[in-house]
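All residue numbers for the sequence shown refer to my numbering, where the first residue is 259 and numbers rise by one. By construction, the Cβ of each residue, glycine as well, lies at the ideal position given by its N, Cα and C atoms. Since the structure is predicted, the reported quantities are computational estimates derived from the model, not experimental observations.
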Amino acid sequence: MLLGIMLVGQYKMTQSIADSNIHLQRTGDLARELTAAEKERDELRQQLEKIQKGDASASLVKDINLLKQRAGLTDVSGPGVIITINDSKIPVKDNENPNLYLIHDEDLLRVLNELRAGGAEAIAVNDQRLTGTSEVRCAGPTVMVNGKVFGPPFVIKAIGDPKTLSAALTMRGGVVESLKYWGIELKIQEVNQMVVPAFNGTFKEEHLQAVKQGGDKK
């Protein structure tokens with residue numbers, strides 16, 4: 259009888275220990291699974307942060323490139339028009355001013371103004387890219403563009419819709435009609451693809467200051 263009680267007690271104790279071992283094993287397995295899951299979560303989080311940073315950098319680079327294009331600091335390509343302008347070949351009559359038959363800065367400026375009004379997105383005169391600070395002005399018998407001196411013929415490249423740009427120049431009573439009255443030679447060529455070079459000069463900012471939001475100077 260006593261032996262039976264002892265055997266039963268030993269069996270229960272053994273079973274209890276076995277159950278405890280199983281419980282501990284399951285707890286250890288769950289802990290390892292949790293650790294692995296947390297590690298995977300952290301790795302995924304790091305990958306997501308890298309992707310987000312990469313997207314932000316790509317977006318920033320895209321914005322910078324767009325601003326550089328608009329500022330004229332990169333070569334750009336697209337459809338548009340190529341305009342070649344040359345002095346008149348008509349013989350000057352007696353008592354006439356010969357300057358009326360020559361290309362002047364004001365003539366080029368009128369052409370450029372019509373191109374801008376027609377939606378030109380990039381313009382170059384004799385491969386000098388025009389920016390917000392570019393000058394087009396007479397320098398004796400020549401014309402200065404971006405500090406460089408040129409004589410005729412003048413070749414103007416403008417990127418935009420070719421038909422619209424051409425129409426802006428050739429409208430009735432427009433700049434082309436006015437120039438041709440004096441025999442000024444002007445040829446407009448519509449093209450599907452061309453390159454307008456980048457501005458290769460320097461910017462002077464001696465007095466320019468940035469303004470913070472709210473109106474304070476930086």
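Residue i versus residue j: straight-line alpha-carbon distance, rounded
i, j, result
"N344", "L360", "8 Å"
"P411", "K308", "54 Å"
"N323", "E379", "15 Å"
"V369", "V350", "24 Å"
"I417", "I348", "32 Å"
"G405", "E393", "8 Å"
"E433", "L367", "The amino acid at residue 433 is misidentified as Glu; the sequence shows Val. Each residue's Cα considered, the two are about 10 Å apart."
"A316", "T428", "42 Å"
"E298", "L318", "30 Å"
"L466", "A382", "25 Å"
"A294", "D321", "40 Å"
"V413", "V449", "14 Å"
"D333", "K470", "31 Å"
"L325", "N353", "52 Å"
"I446", "S424", "7 Å"
"H362", "K438", "14 Å"
"T477", "C396", "Nothing about residue 477 can be reported from this structure: the residues present for the chain run from 259 to 476 only."
"S436", "N371", "15 Å"
"Q305", "P420", "47 Å"
"G441", "N355", "14 Å"
"G338", "K415", "7 Å"
"R430", "A468", "44 Å"
"D365", "E464", "31 Å"
"G398", "V407", "10 Å"
"L331", "E301", "41 Å"
"V377", "I340", "According to the sequence displayed, residue 377 carries Gly and not Val. Going by the C-alpha atoms only, they are around 15 Å apart."
"S346", "L444", "10 Å"
Pick from the options that is closest to residue i, judged by C-alpha positions
i, options, result
"Q451", "S392, A468, R395 and S335", "S335"
"N221", "A397, N371 and M402", "Coverage of the chain is limited to positions 259 through 476, which leaves residue 221 absent and any answer about it impossible."
"R328", "I414, L358 and V454", "V454"
"N357", "L373, T400 and G330", "T400"
"L373", "L325, T422, G441 and G398", "T422"
"A375", "A426, G409 and A468", "A426"
Three-way DSSP call (helix, strand, coil) for residue i in this model
i, result
"I263", "Confidence at I263 is low in this model, with a pLDDT of 45, below 50, so its placement is unreliable and no value can be given for it."
"N353", "coil"
"S317", "helix"
"T293", "helix"
"I341", "strand"
"V394", "strand"
Can at least three beta-carbon pairs, one atom from the segment 450-470 and one from the segment 384-396, be found at a separation below 8 Å? Touching, per the Cβ criterion.
Residue ranges of each beta strand (DSSP E) within the segment 399-470, 3 or longer: Counting whole runs of 3 or more residues, the segment 399-470 contains the beta strand (DSSP E) stretches 400-403, 406-408, 412-417 and 443-454.
Entirely within the segment 363-388 and at least 3 residues each: give me those beta strand (DSSP E) ranges in chain order. 380-383, all fully within the segment 363-388.
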